[in-house]
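One structure is given here, and the rest of the page talks about it.
Protein chains: 2
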Amino acid sequence: MNELLRALPLDEEATHAHTGAWVASVLRTRIAEGRLRPGSKLSEQSLAQALGVSRNTLREAFTVLGNELILTRIPNRGVFVASPGMDDVREIYAVRRMIEPAALQWGPELNVPGLERIVKRARAALASGKIEAMADANQRFHEEVVRASGSAQLQELMTRVLAQMRLVFHAMSDAPDFHSHYVELNASLVDLLRAGERDQAAQALRGYLDTAETELLAHLKDRMAADGS
Amino acid sequence: MNELLRALPLDEEATHAHTGAWVASVLRTRIAEGRLRPGSKLSEQSLAQALGVSRNTLREAFTVLGNELILTRIPNRGVFVASPGMDDVREIYAVRRMIEPAALQWGPELNVPGLERIVKRARAALASGKIEAMADANQRFHEEVVRASGSAQLQELMTRVLAQMRLVFHAMSDAPDFHSHYVELNASLVDLLRAGERDQAAQALRGYLDTAETELLAHLKDRMAADGS
DNA sequence: CGAGGAAAGATTGTTGAACAATCTTTGATT
DNA sequence: AATCAAAGATTGTTCAACAATCTTTCCTCG
Chain A
0 MNELLRALPL DEEATHAHTG AWVASVLRTR IAEGRLRPGS KLSEQSLAQA
50 LGVSRNTLRE AFTVLGNELI LTRIPNRGVF VASPGMDDVR EIYAVRRMIE
100 PAALQWGPEL NVPGLERIVK RARAALASGK IEAMADANQR FHEEVVRASG
150 SAQLQELMTR VLAQMRLVFH AMSDAPDFHS HYVELNASLV DLLRAGERDQ
200 AAQALRGYLD TAETELLAHL KDRMAADGS
Chain B
0 MNELLRALPL DEEATHAHTG AWVASVLRTR IAEGRLRPGS KLSEQSLAQA
50 LGVSRNTLRE AFTVLGNELI LTRIPNRGVF VASPGMDDVR EIYAVRRMIE
100 PAALQWGPEL NVPGLERIVK RARAALASGK IEAMADANQR FHEEVVRASG
150 SAQLQELMTR VLAQMRLVFH AMSDAPDFHS HYVELNASLV DLLRAGERDQ
200 AAQALRGYLD TAETELLAHL KDRMAADGS
């Protein structure tokens, strides 16, 4: 239980304006980094003390992160870091399969050079073996795709969904490298886009997302069977 | 200022479990009904007293509705019912132009009979002059379209966006009847879908959304010019 | 008479303590 | 060992207080 406290070194300062939002962002970061593992219980009293805020303010942050599906709130039981299951993965890909191809096909602010730059960075990271940076670039790629939609709300939804994806990966620490062989697939998407074949790019992306989902689901199924034994 | 209190007759009972969420839903309903007009200031003290909850609980509801963009929070100034402007309308249609056609074209749970039923109801409401019910059916139609995506998060986003749309209409009480001539356009969409022409349906919907946006923006522009004089 | 600005008043942001309701653990009993 | 009640801990909610900030009032000065 004291792991919680060690995981929160309080690097930043309290901004004294909108403390609730600040607490939310701290927790968001800690969860994204994997320092708070899926399933962990977040005790109000301990956390409030560790963060140096009141229980009320902490609760405001819980409300925000609960809406983002990063935290799971069980009434009278407490809040936990969400640990997404197979249904959640299906939901995540249902979202992505809609908005990412739509942005590629119809997005009014498609930025092909920006995508090229990200692919380049991903390739460099992959070549130098920095899988952390590579996964990061991969995420940036898909965020940039949705940015083409020109909608801040869709972009925010995509950010949320990618945060949930990170939770999925953190939930299975023995994950094989799902990201690296998507670098070249993303590159081929950029090729299609540069040629102006937006319909084909959207179609291809749908295919990639389909296979990614089935791969993930298969691995998750094995994982859960392993847990059961 | 006492208008606020009169607008909140407290029909329902407090459920004593998750009061914050209950307060949020009460305010959501009041705003959707137009009893709390865009731009109104919601004073914490008055509202908390009127609703019979503490300021802290009310604040939790404010956090939720602020994330839904139904309330605008200005630090140290207070919270106001959002009054969407032209940029917000553009954002709304940027979202709709992505997710609605995507759901029509690719949604795995497209329910054409359900859409037919809604169109039928809309026609009946239009014929009997109940524009209230007709606007409601129109909204249902677009919610059902997004339901085809099979994603709860996309559906929630659509519900949020439609709530913002209602705010736009409430902001201009002199709105002409934007809805009624879309009943037949929705019907023609259903015709295309029944014929299995999902691509064409998506394309057509994009067109409808484009014209709806430009009409709305034009009217809003006039409205704002009228306000300025 | 009007503009500027300081002081008073009101509102928001945040905290701490308190209490009821609910869950969890403990321990006694059978 | 299983059952159940009491004790303990945690969450849900409220209240009261205070600092920070905004708004209004009113006074002074040009």
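First to last, the protein sequences are chains A and B. The first sequence begins at 0 in numbering that gives the first Met the number 0 and counts up one residue at a time. The second sequence begins at 0 in numbering that gives the first Met the number 0 and counts up one residue at a time. Backbone N, C-alpha and C define an ideal beta-carbon position, used for all residues, glycine too.
- Under the criterion of beta carbons closer than 8 Å, A:ALA93 and B:MET97 do not qualify as touching, at roughly 15 Å.
- Counting C-beta pairs with one atom in each stretch, the region 70-85 of chain B and the region 71-88 of chain A have fewer than three that are closer than 8 Å, which means they do not touch.
- For B:LYS119, the secondary structure class from DSSP, reduced to helix, strand or coil, is helix.
- The beta-carbon of A:LEU35 is placed no less than 8 Å from the nearest beta-carbon of chain B.
- A distance below 7 Å between beta-carbons, with the five flanking residues on each side excluded, links B:ALA134 to the following residues of its chain, in chain order: HIS178.
- Interface criterion met: the Cβ of A:TRP105 is under 8 Å from a Cβ in chain B.
- DSSP, read as helix, strand or coil, puts A:GLY19 in helix.
- SER148, GLY149, SER150: these are the residues of the region 117-150 of chain B whose beta carbon lies less than 8 Å from some beta carbon of chain A, given in chain order.
- In the structure shown, B:PHE79 adopts extended strand secondary structure according to DSSP, grouped into three states.
- Contact annotation: the region 46-62 of chain B does not touch the region 143-158 of chain B, with fewer than three C-beta pairs closer than 8 Å.
- Straight across, the Cα-Cα distance linking B:ILE69 with B:ALA20 is about 15 Å.
- Take B:VAL160, set aside five residues on each side of it, and the residues of its chain with a beta-carbon closer than 7 Å to its own are ILE91, VAL94, ARG95, in chain order.
- The beta carbon of B:GLN48 is closer than 7 Å to none in its chain, skipping five residues each way along the sequence.
- Linking A:VAL111 to A:HIS169 through their CA atoms gives a straight-line distance of about 31 Å.
- Near chain A, meaning a CB-to-CB distance below 7 Å, the residues of the region 69-87 of chain B are PRO74.
- The beta-carbon of B:GLN152 is placed less than 8 Å from the nearest beta-carbon of chain A.
- With respect to the C-alpha of A:LEU219, the residue from A:ARG29, A:THR28, A:ARG89 having the closest C-alpha is A:ARG89.
- Closest in C-alpha terms to B:ALA186, from the list B:GLU143, B:ARG122, B:ASP209, comes B:ARG122.
- Look at B:ALA186: its C-beta is not under 8 Å from any C-beta on chain A.
- DSSP places A:LEU50 in the helix class (H, G or I) of the three-state scheme.
- Runs of the alpha helix (DSSP H) lying entirely within the region 115-196 of chain A and spanning at least 4 residues, in chain order: 130-146, 151-170, 182-193.
- The C-beta distance from B:ALA132 to B:ALA31 rounds to 15 Å, too long to fall under 8 Å, and the pair is not in contact.
- With a beta-carbon spacing of about 5 Å, B:LEU184 and B:TYR207 fall inside the 8 Å limit used to define contacts.
- B:LEU114 and B:GLU143 do touch by the CB rule: their CB atoms are close to 6 Å apart, below 8 Å.
- For B:ALA102, the nearest CB of chain A lies under 8 Å from its own CB, placing it at the interface with that chain.
- DSSP places A:ILE69 outside both helix and strand once states are collapsed to three, so it counts as coil.
- Within the DSSP bridge table, the entry for B:LEU41 names B:VAL78 as partners.
- Within chain B, no C-beta atom comes nearer than 7 Å to that of A:HIS180; the closest sits roughly 24 Å away.
- Counting of Cβ neighbours within 10 angstroms places B:ILE130 among the exposed residues, the total staying below 16.
- For A:ILE30, there are no neighbours in chain B by C-beta distance under 9 Å, as the nearest C-beta there is about 18 Å away.
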